[in-house]
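Note that our numbering has the sequence shown beginning at 134, numbered continuously upward.
Note that the Cβ used here is the ideal one computed from N, Cα and C, for glycine as well.
No experiment lies behind these values; they were computed from the predicted model shown.
So the structure is just underneath, and the comments pick up after that.
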Amino acid sequence: MIAQTPPPIHLTYCLNVHPGETWEENFEAIRTKAVTVRNKVNAPGRFGLGLRLSCQAADQLVDPGQLRCFRDFLAANELYAFTVNGFPYGQFHQTSVKDRVYAPDWRSDERVTYSKTLGDVMAGILPEGVSGSISTVPGSYGPWITCDRDVIKMAENLAETAVHFHGIRNRTGQDVVLALEPEPDCFLGTMADVEAFFSGALLAHGSAWVRKRLGVSLETAEQIVRDHVGLCLDTAHMAVEFEDLGGVFGRARALGMRLAKVHLSAALSVLPQRDAASALTPFVEEVYLHQVRMRGADGSTETFADLDAAITHAEQGAGREWRVHFHVPLFFEEAGALRSTTYLFTPEVVAELRSGICPHLEIETYTFGVLPPALQVTDVTDGIAREYKWVLNHLFG
Numbered sequence: 134m135i136a137q138t139p140p141p142i143h144l145t146y147c148l149n150v151h152p153g154e155t156w157e158e159n160f161e162a163i164r165t166k167a168v169t170v171r172n173k174v175n176a177p178g179r180f181g182l183g184l185r186l187s188c189q190a191a192d193q194l195v196d197p198g199q200l201r202c203f204r205d206f207l208a209a210n211e212l213y214a215f216t217v218n219g220f221p222y223g224q225f226h227q228t229s230v231k232d233r234v235y236a237p238d239w240r241s242d243e244r245v246t247y248s249k250t251l252g253d254v255m256a257g258i259l260p261e262g263v264s265g266s267i268s269t270v271p272g273s274y275g276p277w278i279t280c281d282r283d284v285i286k287m288a289e290n291l292a293e294t295a296v297h298f299h300g301i302r303n304r305t306g307q308d309v310v311l312a313l314e315p316e317p318d319c320f321l322g323t324m325a326d327v328e329a330f331f332s333g334a335l336l337a338h339g340s341a342w343v344r345k346r347l348g349v350s351l352e353t354a355e356q357i358v359r360d361h362v363g364l365c366l367d368t369a370h371m372a373v374e375f376e377d378l379g380g381v382f383g384r385a386r387a388l389g390m391r392l393a394k395v396h397l398s399a400a401l402s403v404l405p406q407r408d409a410a411s412a413l414t415p416f417v418e419e420v421y422l423h424q425v426r427m428r429g430a431d432g433s434t435e436t437f438a439d440l441d442a443a444i445t446h447a448e449q450g451a452g453r454e455w456r457v458h459f460h461v462p463l464f465f466e467e468a469g470a471l472r473s474t475t476y477l478f479t480p481e482v483v484a485e486l487r488s489g490i491c492p493h494l495e496i497e498t499y500t501f502g503v504l505p506p507a508l509q510v511t512d513v514t515d516g517i518a519r520e521y522k523w524v525l526n527h528l529f530g
């Protein structure tokens, strides 16, 4: 849906909340779940979709006949798709995902091929005049990157994908951008990591790779990288890292990096002097990683790769604010010792989101199925519709 115009800002929710690894399963979720959400939100005009396609689903949908069928369905139902979550390559629900969500990473040919296919899918379904964004893993999981050659390989593979998307633009006129999504404990976890990689290895080695591949000037090669490798900022991820949410937009602007998508999401917070371990124990589960940061009044920070490890060392969190990478519904504010990081959506942040600095906003709460019983909703489509209403009231009201 168009949340605002001008400038046009497209709003959707990420369909990664609905289990499904094949295109048939994804299409069924669109026909049943997404259409139900659209009807409950009852917004005027066409309703935007934020697809989630595994490698298997992308390989199935890219077939010209399947694309034609999907385009016809979108047109008949007043729907359009403008963004894809290309982060999880394989199964994302009903199994232990943990750090496997980052594999294959950007050192691998598999990640390149998958992302190119997603670009081809986007080019086949984008409405005229609407850009397409594809969010992706932030390079790799941090512990997996052990040498400079790993970093250079990621830069070159991102550049290869940029060349493919550049070719899509030349052939079809469709604009598609890859959006690296920083996440705690990953190669790109903070804005400082993004700044170092983008201004360093990506522009240096990536642009050199494009120049060699296409035989263009270095200036043209750099522009191709800038046009097709951008950033997806997830507000929950930024909150967990204690980033200044109001400042990250300006830093992206100063970097000259294309801000392709913002994930509207909320993490968990427990204030100092509260019993964080007891409050957070119900959130320990075996499907997803829930990275933790504990910050003291002096600014010092303890880091933990997952919530169970943080609770085991709870004494280190005494007197510190805990922030946990566990996506909670945007409409959740607080319960007992727990609160949501939506309080970080300050007037400054709202003004940036409404400014048009980023044309794609996507609600991303994929954890409805693993929430503790006290936060469960009977029907996930009701929960998603409530999130839409929260966004429309708090950001565009």
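SER187 sits in coil when the DSSP states are folded into three classes, being neither helix nor strand. In the three-state reduction of the DSSP assignment, THR414 falls in the helix class.
The beta-carbon distance between ASP192 and THR250, rounded to whole angstroms, is 6 Å. This is short enough to meet the 8 Å contact definition. The shortest CA-to-CA distance from VAL217 to any of TRP455, PRO506, THR368, SER187 is the one to SER187. DSSP, read as helix, strand or coil, puts CYS202 in helix.
Around the beta-carbon of HIS151, 16 or more other beta-carbon atoms lie within 10 Å, marking it buried. In this structure, GLU435 and GLY450 form a Cβ contact; the two beta carbons are roughly 7 Å apart against a cut-off of 8 Å. When the five nearest sequence neighbours on each side are left out, the beta carbons in the same chain lying within less than 8 Å of the beta carbon of HIS458 are those of GLU316, PRO317, ALA369, HIS370, VAL373, ALA400, LEU422, HIS423, GLN424, VAL425, in order along the chain. Closest by C-alpha distance to ALA354, out of ARG240, ASP242, LEU336, is LEU336. Here DSSP, grouped into helix, strand and coil, assigns MET427 to strand. The DSSP-derived three-state label of TRP455 is strand.
Within its own chain, the residues whose Cβ lies closer than 7 Å to the Cβ of SER268, once the five positions on either side in sequence are excluded, are ASN218, GLY219, PHE220, ALA312, GLU314, CYS365, LYS394, listed in chain order.
Per DSSP, the continuous alpha helix (DSSP H) segment holding LYS522 begins and ends at 513–527. In the three-state reduction of the DSSP assignment, PHE225 falls in the coil class. For ARG386, the enclosing alpha helix (DSSP H) has its first and last residue at 378–388.
The Cβ atoms of PRO462 and GLY530 do not sit closer than 9 Å to each other. Non-local C-beta neighbours of LEU212 in its own chain, meaning closer than 7 Å and more than five positions away in sequence, comprise ARG179, PHE180, LEU182, ordered along the chain. Counting every other CB atom within 10 Å of its CB across the protein chains shown gives HIS446 a total below 16, marking it as exposed.
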